[in-house]
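One structure below.
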Amino acid sequence: MNGIAAVFRNELRRILTLRPVFSVMVLALAVYALLYPQPYRGEALRRTPIAVVDQDQTVASRDLVRRLDASPDVAVASALPDFPAARRAVFAREVSGVLVVPEGFERELLRGMASPLALYADASYFLIYQRVALGVSSVARTVGAEVEARRLVGLGVDPTIATAAVDPLRFTAIPLFNPQEGYGSYVLPAAFVLILQQTLLIGVGLLGTLPGAAGVRCADDGTAMAGPFATVAGKLLAYLALEGVLAPLYLVVLPFLYGIPRLGGLLPTLLFTVPFIVATGALGLVVAAVFRKPLDVQLVMAAVGLPFFFLSGFAWPFEAMPPVARWLAAPVPSTAAIDGFVALGQLGASLWDVRGHVFTLLTLSAVYAAGAVLLEARAQRAQV
Amino acid sequence: MRRRRDLRFGFALVFRREVGWLRRRPLLLTMTTAIPLAVMALLTLLFSQGLATRLPVAVLDLDRSDLSRSIVRTVDATPDTRVAEYVADMAEGRRLILSGGVHGLLYLPRNLERDMQAGRQPEAVFFYNAQTMTAGNLTLRGVNAAMGTVSAGIRLSLRTAQGTPMEEASASVQPVPVQLAPLFNPTLDYVFFLLAALLPSVLQIIVTTTAAYSVGLDVETPHRLRILRRLGGGLMPAIAGKMLPYTILFLIILGLADTVLFGLLGLPLQGSRLLLVAGAVLFVMACQLAGGLLALLLTPMASAVSIATLVTAPAFGFMGIGFPRFGMNLFSQWWGALLPGTWFLTLRIDQTIRGAPLDLSLRPLLILAAFVIVLSLLVVLRLEGLRRRAEAPARRLAEAVA
Numbered sequence: 587m588n589g590i591a592a593v594f595r596n597e598l599r600r601i602l603t604l605r606p607v608f609s610v611m612v613l614a615l616a617v618y619a620l621l622y623p624q625p626y627r628g629e630a631l632r633r634t635p636i637a638v639v640d641q642d643q644t645v646a647s648r649d650l651v652r653r654l655d656a657s658p659d660v661a662v663a664s665a666l667p668d669f670p671a672a673r674r675a676v677f678a679r680e681v682s683g684v685l686v687v688p689e690g691f692e693r694e695l696l697r698g699m700a701s702p703l704a705l706y707a708d709a710s711y712f713l714i715y716q717r718v719a720l721g722v723s724s725v726a727r728t729v730g731a732e733v734e735a736r737r738l739v740g741l742g743v744d745p746t747i748a749t750a751a752v753d754p755l756r757f758t759a760i761p762l763f764n765p766q767e768g769y770g771s772y773v774l775p776a777a778f779v780l781i782l783q784q785t786l787l788i789g790v791g792l793l794g795t796l797p798g799a800a801g802v803r804c805a806d807d808g809t810a811m812a813g814p815f816a817t818v819a820g821k822l823l824a825y826l827a828l829e830g831v832l833a834p835l836y837l838v839v840l841p842f843l844y845g846i847p848r849l850g851g852l853l854p855t856l857l858f859t860v861p862f863i864v865a866t867g868a869l870g871l872v873v874a875a876v877f878r879k880p881l882d883v884q885l886v887m888a889a890v891g892l893p894f895f896f897l898s899g900f901a902w903p904f905e906a907m908p909p910v911a912r913w914l915a916a917p918v919p920s921t922a923a924i925d926g927f928v929a930l931g932q933l934g935a936s937l938w939d940v941r942g943h944v945f946t947l948l949t950l951s952a953v954y955a956a957g958a959v960l961l962e963a964r965a966q967r968a969q970v
Numbered sequence: 003m004r005r006r007r008d009l010r011f012g013f014a015l016v017f018r019r020e021v022g023w024l025r026r027r028p029l030l031l032t033m034t035t036a037i038p039l040a041v042m043a044l045l046t047l048l049f050s051q052g053l054a055t056r057l058p059v060a061v062l063d064l065d066r067s068d069l070s071r072s073i074v075r076t077v078d079a080t081p082d083t084r085v086a087e088y089v090a091d092m093a094e095g096r097r098l099i100l101s102g103g104v105h106g107l108l109y110l111p112r113n114l115e116r117d118m119q120a121g122r123q124p125e126a127v128f129f130y131n132a133q134t135m136t137a138g139n140l141t142l143r144g145v146n147a148a149m150g151t152v153s154a155g156i157r158l159s160l161r162t163a164q165g166t167p168m169e170e171a172s173a174s175v176q177p178v179p180v181q182l183a184p185l186f187n188p189t190l191d192y193v194f195f196l197l198a199a200l201l202p203s204v205l206q207i208i209v210t211t212t213a214a215y216s217v218g219l220d221v222e223t224p225h226r227l228r229i230l231r232r233l234g235g236g237l238m239p240a241i242a243g244k245m246l247p248y249t250i251l252f253l254i255i256l257g258l259a260d261t262v263l264f265g266l267l268g269l270p271l272q273g274s275r276l277l278l279v280a281g282a283v284l285f286v287m288a289c290q291l292a293g294g295l296l297a298l299l300l301t302p303m304a305s306a307v308s309i310a311t312l313v314t315a316p317a318f319g320f321m322g323i324g325f326p327r328f329g330m331n332l333f334s335q336w337w338g339a340l341l342p343g344t345w346f347l348t349l350r351i352d353q354t355i356r357g358a359p360l361d362l363s364l365r366p367l368l369i370l371a372a373f374v375i376v377l378s379l380l381v382v383l384r385l386e387g388l389r390r391r392a393e394a395p396a397r398r399l400a401e402a403v404a
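So the sequence lines, in the order shown, correspond to chains V and P. To convert a position in the first sequence, counted from 1, into this note's numbering, add 586. To convert a position in the second sequence, counted from 1, into this note's numbering, add 2.
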């Protein structure tokens with residue numbers, strides 16, 4: 587027990603005094619907290635600019651363009667004379683789509699025929715294409731429904747029945763958990779978990795490879811004061827103590843400051859933090875033993891952050907990946923942790939709902955901690 | 003004879019020395035070859051199956067009528083969605099969504115068919131998980147399309163039942179249809195698009211951090227920089243000889259990845275290959291120079307590597323691949339503009355899936371060139387400054403003796 591306490595104190599002191607470690611585990615977290623969310627502060631794409639080529643130039647076509655411009659999704663940025671000019675504007679990234687209102691648009695409507703519009707949307711970016719297509723079709727649908735209701739009323743149908751005939755079966759889609767469908771609210775809770783994992787991994791990797799990693803020794807004979815098990819336990823407790831302060835700031839306070847909706851309670855998130863930190867910390871100890879040099883840790887871990895994010899099945903669902911991806915993803919703590927933290931925080935799930943992830947993290951903790959103890963035992967034998 | 007050749011200073015000597023370093027330092031070699039290739043192989047594997055299809059949704063059918071069953075069948079038949087579970091109440095559906103078993107719940111209320119026929123406009127509701135945006139949006143698209151199909155069918159049959167001719171009836175279903183034509187990317191394949199953007203993003207991190215490391219090796223010991231300069235027989239050949247081995251390696255890596263993307267996976271390649279290659283060379287050089295400059299400015303080398311990581315690791319979000327740059331705040335737009343990757347990806351998208359006119363792609367290319375020129379100047383200035391500082395004590399000593 588004495589050994590654990592000594593290792594714990596020593597490790598905590600090293601975290602706070604070794605400059606590279608402190609920079610990664612505390613300063614980098616602070617910088618990322620400010621920097622990372624910036625691109626997503628706007629949350630949603632509003633008023634995506636499009637160009638209109640109005641070949642009809644009638645009351646009906648001008649009314650349609652006005653209504654498009656008034657819609658929340660798209661903005662009519664320019665009226666261009668022909669399609670090639672509009673296409674060039676899309677290439678130059680001035681607008682993200684071209685709506686062509688063909689000649690005879692109003693005439694066809696008055697004749698009671700379908701009067702199609704042509705929308706050429708920039709499909710090279712997923713989000714833009716989706717917004718433009720959605721924005722224009724919903725305006726067209728509203729205009730269409732009004733035209734249709736007017737026609738029916740004109741035929742002598744009762745106005746209430748006419749409305750029902752236009753839309754006999756209503757359909758509503760309700761987004762759960764991220765009601766504004768904000769991009770930041772989607773990306774950030776997951777990204778914060780990954781940032782915590784990467785800084786902890788690099789930090790522990792540096793602690794284990796920088797001078798002084800050999801551990802606490804007795805003053806008189808220089809033998810290790812703690813056995814391999816006590817050393818690993820003491821270190822993991824030190825990481826828990828530090829991250830016990832940082833993780834709630836990162837996973838609860840920070841999302842709150844950025845206005846990300848949260849349904850879950852505090853306690854499940856805090857409890858879930860424990861296996862996540864232990865698994866990540868123990869993996870860090872293994873990483874340190876494998877890489878042996880601080881720069882190796884820094885360089886390799888920098889390169890794997892982005893792949894880890896896509897491997898977690900959050901941004902890209904597992905259903906779309908080959909089955910082997912799940913096997914590759916499982917050993918990385920962030921895979922279970924991202925899904926678990928998001929379910930507990932943003933979806934309001936209970937610990938029981940995410941028991942699978944808790945189990946995964948506990949298993950990873952046990953396996954990596956056992957590995958760390960074995961590697962520590964080997965290192966201590968080598969020193970004697 | 004051999005000695006004489008070894009003594010010939012110049013670009014080639016520095017180049018050979020750097021290649022020798024690469025061979026003797028396993029970390030450097032791994033970082034420049036095995037790691038980028040492994041990361042690229044992993045990402046390619048993740049995205050190799052294309053867009054997610056047939057995502058599971060749950061159904062709460064309280065009507066159990068012909069209409070509700072035909073809705074369920076249509077939802078199951080869309081390419082985006084499949085009906086994986088029938089639930090008995092909302093609580094069960096919620097649990098399924100929370101555990102990640104399904105991405106949404108379609109609620110069909112009691113008396114749906116009867117109310118529809120009576121003109122009471124009943125409402126079907128789809129609750130979907132918007133927290134996981136990709137999957138949520140895909141399931142919404144599927145259910146939306148299915149409901150549109152069912153609803154159009156109903157309206158059509160209501161009208162034909164009243165004796166409206168078929169042609170007129172179908173015109174009345176959607177008086178203002180939107181014929182949606184995607185400009186470029188006709189198959190709407192975002193998967194490979196994302197992959198094509200991810201690879202340079204990973205490379206940006208690796209090139210910058212390894213450049214900081216390899217230059218840092220020379221900066222760490224004060225005399226090494228002088229030796230390097232002597233070996234090169236001048237400043238310019240020394241810098242060129244130091245950088246070029248990595249430039250070549252990274253371009254080979256990028257070339258390999260692109261061969262897989264555009265050759266095997268069939269991503270459209272509709273632009274100028276010359277522009278793409280020129281852009282890739284400038285992009286790799288800009289990242290190398292940025293990493294090298296950091297190593298010249300910051301000691302110990304670990305700090306340079308840390309700062310390089312701190313800037314490049316979160317860069318993906320700023321480059322506007324997921325969330326477009328015009329939707330960002332001003333700070334993010336400027337921060338993104340200062341990353342070489344932003345302009346390389348712009349050029350890459352322009353000259354691969356878009357097939358943009360060449361004159362429009364010159365701008366990102368010129369910006370990349372400007373990066374290289376400005377960063378080279380800064381590197382030269384800093385090296386000169388370091389030399390003067392190193393020589394000052396020696397000169398003072400010489401003056402004192404004199």
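Backbone N, C-alpha and C define an ideal beta-carbon position, used for all residues, glycine too. The structure presented is a predicted model; accordingly, all values stated were derived computationally and were not measured.
How many Å lie between residue i and residue j at the Cα?
i: V883 of chain V; j: G791 of chain V; result: 6 Å
i: V660 of chain V; j: V651 of chain V; result: 11 Å
i: T311 of chain P; j: H943 of chain V; result: 30 Å
i: Y844 of chain V; j: S710 of chain V; result: 29 Å
i: M245 of chain P; j: G293 of chain P; result: 11 Å
i: E115 of chain P; j: D65 of chain P; result: 8 Å
i: T344 of chain P; j: M699 of chain V; result: 47 Å
i: R5 of chain P; j: F13 of chain P; result: Below a pLDDT of 50, predicted positions are generally treated as unreliable, and R5 of chain P, at 46, falls in that range; no measurement from the model is reported.
i: D260 of chain P; j: T212 of chain P; result: 21 Å
i: M149 of chain P; j: M118 of chain P; result: 14 Å
i: A874 of chain V; j: R390 of chain P; result: 40 Å
At which residues does the alpha helix (DSSP H) containing residue i begin and terminate?
i: G740 of chain V; result: F712 to G740
i: A282 of chain P; result: R275 to L299
i: N588 of chain V; result: N588 to T603
i: V872 of chain V; result: L852 to F877
i: Y248 of chain P; result: L237 to D260
i: F669 of chain V; result: F669 to F677
i: D65 of chain P; result: Looking at the DSSP string, D65 of chain P is not in any alpha helix (DSSP H), and its letter there is neither H nor E.
i: R350 of chain P; result: P342 to I351
i: L937 of chain V; result: That residue, L937 of chain V, is in no alpha helix (DSSP H); it is neither H nor E in DSSP.
Where does residue i fall in DSSP's three states?
i: G12 of chain P; result: coil
i: V89 of chain P; result: coil
i: R5 of chain P; result: With a pLDDT of only 46 at R5 of chain P, under the threshold of 50, the placement of this residue in the model should not be trusted; the figure read from the coordinates follows. Three-state result, R5 of chain P: helix.
i: F904 of chain V; result: helix
i: P58 of chain P; result: strand
i: D640 of chain V; result: strand
i: G106 of chain P; result: strand
i: G942 of chain V; result: helix
i: L383 of chain P; result: helix
i: L755 of chain V; result: coil
i: A162 of chain P; result: One detail in the question is off: residue 162 of chain P reads as Thr in this sequence, not Ala. In this structure, T162 of chain P counts as helix in the three-state DSSP scheme.
i: T795 of chain V; result: helix
i: G770 of chain V; result: helix
Going by C-alpha to C-alpha distance, which of the options sits closest to residue i?
i: A40 of chain P; options: P:L379, P:G281 and P:I255; result: P:I255
i: V864 of chain V; options: V:L892, V:L826 and V:A889; result: V:L826
i: V307 of chain P; options: P:A60, P:L253 and P:C289; result: P:C289
i: A906 of chain V; options: P:P38, P:R25, P:R18 and P:R56; result: P:R56
i: P841 of chain V; options: V:V681, V:F927, V:P658 and V:P667; result: V:F927
i: R600 of chain V; options: V:A965, V:Q932, V:A875 and V:K821; result: V:K821
To which residues does DSSP link residue i through a beta bridge?
i: Q181 of chain P; result: V:A704
i: V662 of chain V; result: V:I636
For the beta strand (DSSP E) containing residue i, list its first residue and its last residue.
i: Y130 of chain P; result: E125 to N131
i: V204 of chain P; result: Not the beta strand (DSSP E): V204 of chain P falls in the alpha helix (DSSP H), residues Y192 to E222.
Check whether the Cβ of residue i lies closer than 8 Å to any Cβ atom in chain C.
i: Y248 of chain P; result: In the structure shown, chain C does not exist; the protein chains are V and P.
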